[in-house]
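Heads up, the thing below is written out as C-alpha coordinates.
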Amino acid sequence: MPTEARTFSFTWKIGKIAELERKKPHKSPTEYTSEKDGWSATLRIYSLAKSRKRQEFMSVYLSAEPDKNNPNGFRERKNVEFTVLFRSVATNEIVLVKHTPKTHDFLSTTEVFGFENFCRLNAVDEYDDLAIEVRISRPMPELHPYEFVDFLFTLRPVDVRFNVNGQLIGANKEILASRSDYFRSMFTCGLKESQEDPEGVVVHVPNTSEPAFKAMLWFLYTGLLNLESFPGANERDVFHLADMYQLDKLTELLKWEIIWDLTPETAFRCLLEFAHAYPSLKKLVLDYVVGNFDAIRRTDEFAGLMEDHDDIEYFGEVMTEIMRLLNLASN
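Using my numbering, you'd call the opening residue of the sequence shown number -10 and step up by one each time.
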(Lines of atoms letter the chains of each structure in order from A and count residues from 1; the text may use other names and numbers.)
(Lines give C-alpha, C1' and ligand atoms only; values in the text may rest on other atoms or scores of the structure.)
Protein backbone atom coordinates (compact mmCIF):
# COMPACT_ATOMS: atom_id res chain seq x y z
CA MET A 1 0.00 0.00 0.00
CA PRO A 2 2.03 3.02 -1.17
CA THR A 3 1.61 6.31 0.62
CA GLU A 4 1.55 9.67 -1.11
CA ALA A 5 1.87 11.95 1.88
CA ARG A 6 5.01 14.04 2.05
CA THR A 7 6.16 17.29 3.58
CA PHE A 8 8.47 19.44 1.49
CA SER A 9 9.71 23.02 1.73
CA PHE A 10 11.84 25.43 -0.23
CA THR A 11 13.12 28.97 0.35
CA TRP A 12 13.41 31.80 -2.18
CA LYS A 13 15.50 34.83 -1.24
CA ILE A 14 13.99 37.94 -2.83
CA GLY A 15 15.66 40.85 -1.01
CA LYS A 16 13.72 44.12 -0.74
CA ILE A 17 10.21 43.69 -2.11
CA ALA A 18 9.58 47.42 -2.54
CA GLU A 19 12.30 47.50 -5.20
CA LEU A 20 10.72 44.81 -7.37
CA GLU A 21 9.21 45.84 -10.68
CA ARG A 22 5.44 46.42 -10.47
CA LYS A 23 2.85 44.30 -12.33
CA LYS A 24 5.53 41.95 -13.65
CA PRO A 25 5.34 38.40 -12.20
CA HIS A 26 8.48 37.35 -10.32
CA LYS A 27 9.02 33.60 -10.27
CA SER A 28 11.31 31.50 -8.09
CA PRO A 29 13.57 28.75 -9.43
CA THR A 30 11.82 25.37 -9.60
CA GLU A 31 12.51 23.07 -6.65
CA TYR A 32 12.11 19.30 -6.95
CA THR A 33 11.17 16.72 -4.34
CA SER A 34 12.79 13.30 -4.20
CA GLU A 35 9.78 12.05 -6.19
CA LYS A 36 10.67 14.60 -8.94
CA ASP A 37 7.63 16.76 -8.21
CA GLY A 38 8.46 20.31 -9.28
CA TRP A 39 7.26 23.38 -7.37
CA SER A 40 7.79 27.12 -7.75
CA ALA A 41 6.45 30.33 -6.22
CA THR A 42 5.40 33.48 -8.04
CA LEU A 43 4.71 36.92 -6.58
CA ARG A 44 3.27 40.01 -8.20
CA ILE A 45 2.81 43.57 -6.91
CA TYR A 46 -0.26 45.49 -8.05
CA SER A 47 -2.18 48.60 -7.02
CA LEU A 48 -5.86 48.84 -6.15
CA ALA A 49 -8.11 51.79 -5.36
CA LYS A 50 -9.63 51.53 -1.88
CA SER A 51 -11.47 54.36 -0.11
CA ARG A 52 -10.35 56.79 -2.84
CA LYS A 53 -6.72 55.88 -2.24
CA ARG A 54 -4.53 53.63 -4.31
CA GLN A 55 -2.82 50.97 -2.24
CA GLU A 56 -0.26 48.41 -3.30
CA PHE A 57 -0.90 44.73 -2.68
CA MET A 58 1.02 41.55 -3.30
CA SER A 59 -0.12 38.22 -4.73
CA VAL A 60 1.66 34.93 -4.00
CA TYR A 61 1.00 31.74 -5.96
CA LEU A 62 2.31 28.19 -5.85
CA SER A 63 2.84 26.42 -9.17
CA ALA A 64 3.10 22.67 -9.75
CA GLU A 65 5.69 22.08 -12.49
CA PRO A 66 6.06 19.10 -14.86
CA ASP A 67 7.95 16.03 -13.70
CA LYS A 68 11.72 16.59 -13.96
CA ASN A 69 12.10 13.39 -16.00
CA ASN A 70 9.09 14.09 -18.20
CA PRO A 71 9.05 17.82 -19.03
CA ASN A 72 6.36 17.41 -21.66
CA GLY A 73 3.89 15.78 -19.29
CA PHE A 74 2.09 16.97 -16.18
CA ARG A 75 1.36 14.61 -13.32
CA GLU A 76 -1.60 15.43 -11.10
CA ARG A 77 -0.89 16.30 -7.46
CA LYS A 78 -3.99 15.74 -5.35
CA ASN A 79 -4.89 16.98 -1.85
CA VAL A 80 -2.05 19.48 -1.51
CA GLU A 81 -1.85 21.90 1.42
CA PHE A 82 0.68 24.69 1.55
CA THR A 83 1.88 27.45 3.84
CA VAL A 84 3.71 30.61 2.80
CA LEU A 85 6.04 32.33 5.27
CA PHE A 86 7.81 35.64 4.77
CA ARG A 87 11.01 35.63 6.81
CA SER A 88 13.87 38.08 7.43
CA VAL A 89 17.11 36.41 6.35
CA ALA A 90 19.21 38.44 8.82
CA THR A 91 17.15 37.80 11.97
CA ASN A 92 15.16 34.69 10.96
CA GLU A 93 12.06 36.60 12.12
CA ILE A 94 8.77 35.42 10.65
CA VAL A 95 7.08 38.49 9.21
CA LEU A 96 3.91 36.96 7.71
CA VAL A 97 2.34 33.50 7.54
CA LYS A 98 -0.63 32.26 5.51
CA HIS A 99 -1.94 28.71 5.28
CA THR A 100 -4.41 27.35 2.75
CA PRO A 101 -7.73 26.69 4.52
CA LYS A 102 -8.31 23.49 2.53
CA THR A 103 -6.50 21.05 0.26
CA HIS A 104 -6.18 21.72 -3.46
CA ASP A 105 -5.79 19.50 -6.51
CA PHE A 106 -3.08 20.58 -8.94
CA LEU A 107 -4.28 19.33 -12.33
CA SER A 108 -2.98 19.93 -15.84
CA THR A 109 -5.62 22.62 -16.34
CA THR A 110 -5.32 24.28 -12.91
CA GLU A 111 -1.72 23.87 -11.86
CA VAL A 112 -1.53 27.28 -10.10
CA PHE A 113 -3.14 28.18 -6.77
CA GLY A 114 -2.51 30.84 -4.15
CA PHE A 115 -3.38 34.13 -2.52
CA GLU A 116 -4.54 37.03 -4.73
CA ASN A 117 -4.44 39.44 -1.78
CA PHE A 118 -1.60 37.98 0.25
CA CYS A 119 -0.86 41.28 2.01
CA ARG A 120 -0.49 45.01 1.60
CA LEU A 121 2.96 45.95 0.39
CA ASN A 122 3.56 48.28 3.32
CA ALA A 123 3.41 45.28 5.67
CA VAL A 124 6.75 44.05 4.35
CA ASP A 125 8.42 46.92 2.50
CA GLU A 126 10.62 47.91 5.47
CA TYR A 127 12.64 44.69 5.20
CA ASP A 128 15.76 44.63 3.04
CA ASP A 129 16.40 40.89 3.12
CA LEU A 130 13.13 39.01 2.81
CA ALA A 131 12.86 35.37 1.83
CA ILE A 132 9.74 33.39 0.99
CA GLU A 133 9.53 29.92 2.51
CA VAL A 134 6.93 27.56 1.08
CA ARG A 135 5.90 24.43 3.00
CA ILE A 136 3.96 21.82 1.05
CA SER A 137 2.23 18.72 2.42
CA ARG A 138 0.12 16.05 0.79
CA PRO A 139 -2.17 14.33 3.32
CA MET A 140 -2.69 10.60 3.36
CA PRO A 141 -5.76 9.27 1.53
CA GLU A 142 -8.80 8.60 3.72
CA LEU A 143 -9.26 5.09 5.15
CA HIS A 144 -5.67 4.18 4.40
CA PRO A 145 -4.45 5.12 7.93
CA TYR A 146 -6.84 2.76 9.67
CA GLU A 147 -5.87 -0.17 7.49
CA PHE A 148 -2.18 0.55 7.94
CA VAL A 149 -2.46 1.06 11.72
CA ASP A 150 -3.80 -2.48 12.05
CA PHE A 151 -0.94 -3.73 9.89
CA LEU A 152 1.70 -1.84 11.85
CA PHE A 153 0.60 -2.66 15.34
CA THR A 154 -0.61 -6.25 14.98
CA LEU A 155 1.05 -7.99 12.03
CA ARG A 156 4.62 -6.69 12.22
CA PRO A 157 7.10 -8.92 14.11
CA VAL A 158 6.99 -7.64 17.70
CA ASP A 159 10.23 -7.83 19.68
CA VAL A 160 9.81 -4.80 21.95
CA ARG A 161 6.81 -3.55 23.87
CA PHE A 162 6.18 -0.09 25.30
CA ASN A 163 4.26 0.25 28.57
CA VAL A 164 2.16 3.42 28.33
CA ASN A 165 -0.10 3.88 31.35
CA GLY A 166 -0.38 0.11 31.72
CA GLN A 167 -1.16 -0.48 28.04
CA LEU A 168 1.43 -2.52 26.13
CA ILE A 169 2.15 -1.37 22.58
CA GLY A 170 4.19 -3.71 20.40
CA ALA A 171 6.81 -2.59 17.89
CA ASN A 172 9.79 -3.82 15.91
CA LYS A 173 13.26 -2.93 17.24
CA GLU A 174 15.01 -3.09 13.87
CA ILE A 175 12.61 -0.59 12.31
CA LEU A 176 12.79 1.81 15.26
CA ALA A 177 16.59 1.61 15.41
CA SER A 178 16.83 2.37 11.69
CA ARG A 179 14.68 5.50 12.15
CA SER A 180 16.11 6.91 15.39
CA ASP A 181 19.58 7.22 16.94
CA TYR A 182 17.92 7.30 20.36
CA PHE A 183 16.22 3.94 19.87
CA ARG A 184 19.36 2.51 18.29
CA SER A 185 21.26 3.37 21.48
CA MET A 186 18.43 2.08 23.64
CA PHE A 187 18.44 -1.34 22.02
CA THR A 188 22.22 -1.71 21.63
CA CYS A 189 23.50 -0.06 24.81
CA GLY A 190 20.69 -0.92 27.20
CA LEU A 191 19.42 2.51 28.23
CA LYS A 192 17.66 2.62 31.59
CA GLU A 193 14.19 2.91 30.02
CA SER A 194 14.29 -0.70 28.82
CA GLN A 195 14.29 -3.92 30.82
CA GLU A 196 13.81 -7.61 30.15
CA ASP A 197 10.82 -9.57 31.36
CA PRO A 198 9.75 -13.15 30.54
CA GLU A 199 8.03 -11.94 27.36
CA GLY A 200 10.92 -9.82 26.03
CA VAL A 201 12.01 -6.19 26.21
CA VAL A 202 9.57 -3.76 27.84
CA VAL A 203 10.15 0.00 27.71
CA HIS A 204 8.28 2.11 30.26
CA VAL A 205 7.12 5.46 28.87
CA PRO A 206 6.06 8.06 31.47
CA ASN A 207 4.03 11.25 31.12
CA THR A 208 2.20 10.55 27.89
CA SER A 209 -0.91 8.89 26.47
CA GLU A 210 -1.42 5.76 24.40
CA PRO A 211 -2.78 7.70 21.36
CA ALA A 212 0.16 10.13 21.41
CA PHE A 213 2.68 7.31 21.56
CA LYS A 214 1.01 5.45 18.70
CA ALA A 215 1.04 8.65 16.64
CA MET A 216 4.78 8.93 17.26
CA LEU A 217 5.32 5.28 16.28
CA TRP A 218 3.27 5.90 13.16
CA PHE A 219 5.69 8.66 12.21
CA LEU A 220 8.71 6.43 12.83
CA TYR A 221 7.27 3.68 10.63
CA THR A 222 6.00 5.89 7.81
CA GLY A 223 7.55 9.34 8.04
CA LEU A 224 4.00 10.77 8.15
CA LEU A 225 2.31 12.96 10.73
CA ASN A 226 -1.38 12.08 11.01
CA LEU A 227 -2.82 12.84 14.45
CA GLU A 228 -6.40 12.51 13.21
CA SER A 229 -6.00 8.73 12.97
CA PHE A 230 -5.29 8.48 16.71
CA PRO A 231 -8.24 9.98 18.64
CA GLY A 232 -6.95 11.59 21.82
CA ALA A 233 -3.50 12.42 20.42
CA ASN A 234 -2.61 16.09 20.36
CA GLU A 235 0.29 18.16 19.07
CA ARG A 236 1.74 18.96 22.49
CA ASP A 237 1.86 15.37 23.74
CA VAL A 238 3.47 14.11 20.54
CA PHE A 239 5.89 17.07 20.54
CA HIS A 240 6.94 16.10 24.08
CA LEU A 241 7.66 12.55 22.91
CA ALA A 242 9.53 13.75 19.82
CA ASP A 243 11.70 15.97 22.00
CA MET A 244 12.31 13.20 24.54
CA TYR A 245 13.34 10.72 21.85
CA GLN A 246 15.31 13.33 19.85
CA LEU A 247 13.21 12.95 16.69
CA ASP A 248 14.24 16.19 15.02
CA LYS A 249 12.05 15.87 11.92
CA LEU A 250 8.92 15.18 13.94
CA THR A 251 9.78 17.98 16.37
CA GLU A 252 10.12 20.42 13.48
CA LEU A 253 6.80 19.39 11.92
CA LEU A 254 4.91 19.67 15.20
CA LYS A 255 6.58 22.94 16.11
CA TRP A 256 5.05 24.61 13.07
CA GLU A 257 1.68 22.93 13.61
CA ILE A 258 1.62 24.45 17.11
CA ILE A 259 2.62 27.89 15.80
CA TRP A 260 0.00 27.82 13.02
CA ASP A 261 -2.70 27.06 15.58
CA LEU A 262 -1.84 29.97 17.91
CA THR A 263 -4.40 32.71 18.45
CA PRO A 264 -4.37 35.76 20.76
CA GLU A 265 -6.68 33.77 23.05
CA THR A 266 -4.38 30.72 23.31
CA ALA A 267 -0.81 31.94 22.83
CA PHE A 268 -0.04 33.21 26.35
CA ARG A 269 -1.22 30.01 28.04
CA CYS A 270 0.71 27.92 25.52
CA LEU A 271 3.86 29.85 26.41
CA LEU A 272 3.35 29.54 30.16
CA GLU A 273 2.20 25.94 30.36
CA PHE A 274 4.13 24.26 27.57
CA ALA A 275 6.41 26.12 25.18
CA HIS A 276 8.69 27.59 27.87
CA ALA A 277 10.19 24.11 28.41
CA TYR A 278 11.40 23.75 24.80
CA PRO A 279 13.86 26.46 23.66
CA SER A 280 13.20 26.31 19.90
CA LEU A 281 9.42 26.35 20.38
CA LYS A 282 9.63 28.96 23.14
CA LYS A 283 11.36 31.42 20.82
CA LEU A 284 8.67 31.13 18.15
CA VAL A 285 5.79 31.42 20.62
CA LEU A 286 7.52 34.40 22.27
CA ASP A 287 7.80 36.06 18.86
CA TYR A 288 4.07 35.53 18.34
CA VAL A 289 3.17 36.85 21.81
CA VAL A 290 5.35 39.94 21.46
CA GLY A 291 4.09 40.65 17.94
CA ASN A 292 0.46 40.29 19.01
CA PHE A 293 0.67 41.53 22.60
CA ASP A 294 -1.89 44.32 22.20
CA ALA A 295 -4.50 41.79 21.08
CA ILE A 296 -3.43 39.19 23.67
CA ARG A 297 -3.68 41.51 26.66
CA ARG A 298 -7.29 42.35 25.77
CA THR A 299 -8.43 38.71 25.97
CA ASP A 300 -10.30 37.14 28.89
CA GLU A 301 -7.72 34.36 28.93
CA PHE A 302 -4.90 36.84 29.58
CA ALA A 303 -6.89 38.52 32.36
CA GLY A 304 -7.52 35.17 34.03
CA LEU A 305 -3.87 34.17 33.87
CA MET A 306 -2.82 37.50 35.34
CA GLU A 307 -5.19 36.93 38.28
CA ASP A 308 -3.82 33.43 38.88
CA HIS A 309 -0.16 34.29 38.30
CA ASP A 310 0.90 33.31 41.85
CA ASP A 311 -0.02 29.71 41.04
CA ILE A 312 1.92 29.59 37.75
CA GLU A 313 5.49 28.40 38.25
CA TYR A 314 7.19 30.20 35.37
CA PHE A 315 5.00 33.31 35.25
CA GLY A 316 7.62 35.79 36.50
CA GLU A 317 10.35 34.45 34.23
CA VAL A 318 8.12 34.50 31.16
CA MET A 319 6.71 37.98 31.79
CA THR A 320 10.21 39.38 32.33
CA GLU A 321 11.27 38.00 28.95
CA ILE A 322 8.15 39.40 27.25
CA MET A 323 8.74 42.87 28.72
CA ARG A 324 12.39 42.76 27.65
CA LEU A 325 11.46 41.91 24.07
CA LEU A 326 8.70 44.53 23.98
CA ASN A 327 11.17 47.18 25.14
CA LEU A 328 13.65 46.12 22.46
CA ALA A 329 10.96 46.27 19.80
CA SER A 330 9.94 49.79 20.81
CA ASN A 331 13.50 51.19 20.69
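No residue lacks a Cβ here, since even glycine has one placed at the ideal position from N, Cα and C.
Practice task
Look at the Cβ atom of Ala120, then the Cβ atom of Ile3, and state whether they are nearer than 8 angstroms.
Solution key: yes
Exercise for the section: Leaving out five residues on either side along the sequence, give the residues of the same chain with a beta carbon under 8 angstroms from the beta carbon of Gly27. Expected result: Thr19, Glu20, Tyr21, Ala53, Glu54, Pro55, Asp56 and Lys57
Handout entry: Identity of the residues DSSP links to Leu119 by a beta bridge
Key = Gly4 and Ser77
Exercise for the section: Can you check the region 185 to 248 for any beta strand (DSSP E) of at least 3 residues that lies completely inside it and give the ranges in chain order? Expected result: 189 to 193
Handout entry: Reduced DSSP category for Ile311 - H, G, I as helix; E, B as strand; rest coil
Key = helix
Practice task
With a cut-off of 8 angstroms on the beta carbons, I'd call Thr98 and Val69 a contact; round off their distance for me.
Solution key: Incorrect: roughly 15 angstroms between the Cβ atoms, too far for contact.
Practice task
Note down, in chain order, each residue of its chain lying with its Cβ closer than 7 angstroms to the Cβ of Ile83, except the 5 sequence neighbours on either side.
Solution key: Leu74, Arg76 and Asp276
Practice task
Leaving out five residues on either side along the sequence, give the residues of the same chain with a beta carbon under 8 angstroms from the beta carbon of Ser29.
Solution key: Lys16, Ser17, Pro18, Thr19, Glu20, Leu51, Ser52 and Glu54
Problem - Given Val279 as reference, the closest of Asp148, Leu96, Val307 and Leu294 once Cα atoms are compared - result: Val307
Practice task
Determine the direct distance from the alpha carbon of Arg173 to that of Thr31, and round the result to whole angstroms.
Solution key: 43 angstroms
Practice task
Return yes when the Cβ of Glu115 is within less than 8 angstroms of the Cβ of Phe63, no when it is not.
Solution key: no
Handout entry: Residue closest to Val86, alpha-carbon to alpha-carbon, out of Met205, Asp118 and Arg124
Key = Arg124
Practice task
Can you have a look at Gly293 and say buried or exposed, based on whether 16 or more other CB atoms are within 10 angstroms of its CB?
Solution key: exposed
Practice task
Identify every residue that forms a DSSP beta bridge with Ser319.
Solution key: According to DSSP, Ser319 bridges with nothing at all.
Practice task
For Lys25, count neighbouring Cβ atoms within 10 angstroms of its own Cβ and tell me buried if that reaches 16, exposed if not.
Solution key: exposed
Handout entry: Burial state of Leu243 (16 or more Cβ within 10 Å)
Key = buried
Practice task
Can you grab the Cα-Cα spacing for the pair Tyr135 / Gln156, in whole Å?
Solution key: Any reading at Tyr135 must be qualified, since the residue scores a pLDDT of 48, below 50, and its modelled position is unreliable; the value itself is stated next. Each residue's alpha carbon lies about 19 angstroms from the other.
Practice task
Quick one: using the 10 Å Cβ neighbour count with 16 as the cut-off for buried, is His88 buried or exposed?
Solution key: exposed
Exercise for the section: Report the option in Val190, Val274, Lys203 and Leu9 whose CA atom is closest to the CA atom of Leu261. Expected result: Val274
Problem - Three-state class that DSSP yields for Arg106 in the structure shown - result: At residue 106 the sequence reads Asn, which differs from the Arg that was named. Correct three-state label for Asn106: strand.
Practice task
For Leu168, count neighbouring C-beta atoms within 10 Å of its own C-beta (all shown protein chains included) and say buried if the count is 16 or more, exposed if not.
Solution key: A quick correction: the sequence has Arg, not Leu, at residue 168. Result: buried.
Problem - The beta strand (DSSP E) enclosing Ile158, as first and last residue numbers - result: Gln156 to Ala160
Exercise for the section: Have a look at Tyr118 and Asp148 and give me their C-alpha separation to the nearest angstrom. Expected result: Reading off the sequence, residue 118 comes out as Asp, not Tyr. The straight-line gap from Cα to Cα measures roughly 52 angstroms.
Exercise for the section: Give the secondary structure of Val153 by DSSP, where H, G and I count as helix, E and B as strand, and everything else as coil. Expected result: strand
Problem - Boundaries (first-last residue) of the beta strand (DSSP E) holding Lys272 - result: Counting along the chain, Lys272 falls outside any beta strand (DSSP E), though it belongs to the alpha helix (DSSP H) covering Pro268 to Gly280.
Practice task
Quick one: measure Cβ to Cβ for Asn196 and Trp207, integer angstroms, because I've assumed they're closer than 8 angstroms.
Solution key: Not quite, the Cβ-Cβ distance comes to about 19 angstroms (not below 8 angstroms), so this is no contact.
Handout entry: Local conformation of Tyr171 per DSSP, three classes
Key = helix
Exercise for the section: Tell me whether the beta-carbon of Phe176 lies closer than 8 angstroms to the beta-carbon of Ala166. Expected result: yes
Exercise for the section: Check Asn61 in the structure and name its three-state DSSP category. Expected result: coil
Handout entry: Where Glu10 sits in the DSSP three-state scheme
Key = coil
Practice task
Would you mind giving the Cβ-Cβ distance between Glu230 and Phe202, rounded to the nearest angstrom? I have them listed as a contact below 8 angstroms.
Solution key: Before going further, note that residue 230 is Leu rather than Glu in the sequence given. Contact flag correct, Cβ pair sits at about 6 angstroms.
Problem - Under the three-state DSSP convention, the category Asp299 falls into - result: helix
Practice task
Mind checking who Ala53 pairs with in its DSSP beta bridge?
Solution key: Trp28
Practice task
Please classify Phe263: does DSSP put it in a helix, a strand, or coil?
Solution key: coil
Problem - Buried/exposed call for Asp226, threshold 16 Cβ in 10 Å - result: buried
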